[in-house]
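Here's the structure, in structure tokens; my notes come after.
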Amino acid sequence: MKMTFAQRVKHAMNVEGLTQASLAVKAGLSQAAIQKITSGKSQRSRKLLDISRVLRVRPEWLGDGVEPMKDKWVQEGIRFERIHIDDPTSPVSENEYEFPLYGRMERLLIPRDKGREDMLKMIRLPMDIAVKTKTTLTNSVAILAPDSSMCPTIQEGAIVAVDESITEIKNGKIYAVSVGGLCMLRILYALPNNMVKMRSLNQNEYPDDTVLLSDVKILGKVFYTASIID
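Under full-length UniProt numbering, the first residue of the sequence shown carries the number 1, and numbering increases by one thereafter.
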């Protein structure tokens, strides 16, 4: 039997471990509004996108029950762990691997063999991350998230690791892309007629966009993210 809107909200709250009060704060609503939703008195909300973003579910599922509940990148799990900035006085252990961190995402437009400037640091990740995400070590590179388009999951300025060898679209995955020379992070969906839907998580400021596949340069797939700790 299909769940009601109220049941879907409560189910997602339980999965994320959120109370009515915490959901209200994160979604910018009053607790009374959330209570009205969860009690079934409200069958829809103007803040559907905000609520779905906080609950980490697809708005199509939350609003209308269209499966799946979560995007693939949430289900399968991009890694969110603490990152280690390389200490040049400490050798890389056999359980780690390292790769460069660049301050500007546009550096990914420059081929590796042409030389890239603007490297900030070498960073290290545990080897098990590469194994579990099937990442090609020699093609790993990290950049700083250029904006807030993927908030709250990827904060502006967060370290984002990209596998440059993966440029084929798997629907629901997050990619580093360039459109007209503008670099960004987006969830991609391949559509008929050689079209691509680009989705952000901060849809209030960065709504969905649909473009020709030929207009999108896929720079690699995101497999790791972490906020910089001062």
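Here a beta-carbon is modelled for each residue, glycine too, at the ideal position from N, C-alpha and C.
CB of residue i within 9 Å of CB of residue j, strictly
i           : j    : result
E98         : L120 : no
I218        : S200 : no
A12         : M69  : yes
I154        : V160 : yes
L182        : I174 : no
A190        : I143 : no
V141        : L108 : yes
G220        : I166 : yes
residue 309 : I129 : Because residue 309 is not part of the residues shown, which for the chain are 1 to 230, the question remains open.
G63         : S52  : yes
Residue i, DSSP secondary structure in three states
i    : result
A21  : helix
T210 : strand
D163 : strand
V196 : strand
T225 : strand
G63  : helix
R186 : strand
V15  : helix
I169 : coil
S45  : coil
S178 : strand
K2   : coil
Cβ of residue i within 9 Å of any chain B Cβ
i    : result
Y224 : Here chain B cannot be found, since the structure has a single protein chain.
Nonlocal neighbours in the same chain, by C-beta distance under 8 Å from residue i, ignoring five residues either side
i   : result
T38 : A6, V9, K10, M13 and Q20
Cβ shell of residue i (< 6 Å), same chain only, five flanking positions each side left out
i   : result
V66 : E60
Distance between beta carbons of residue j and residue i, contact taken as under 8 Å
i           : j    : result
I16         : R56  : Residue identity check: residue 16 is Glu in the sequence provided, not Ile. At roughly 6 Å, the Cβ-Cβ gap stays under 8 Å, so E16 and R56 are in contact.
residue 270 : V222 : Residue 270 lies beyond the stretch modelled for the chain, which goes from 1 to 230, so this question has no answer here.
Sequence-distant residues of the same chain with beta carbon closer than 7 Å to residue i, five excluded per side
i    : result
M105 : I143, P146, A176 and C183
| Length at least 3, wholly inside the region 108-157: the beta strand (DSSP E) runs in chain order | For the region 108-157, whole beta strand (DSSP E) runs of length 3 or above, ordered along the chain, are 119-126 and 140-144.
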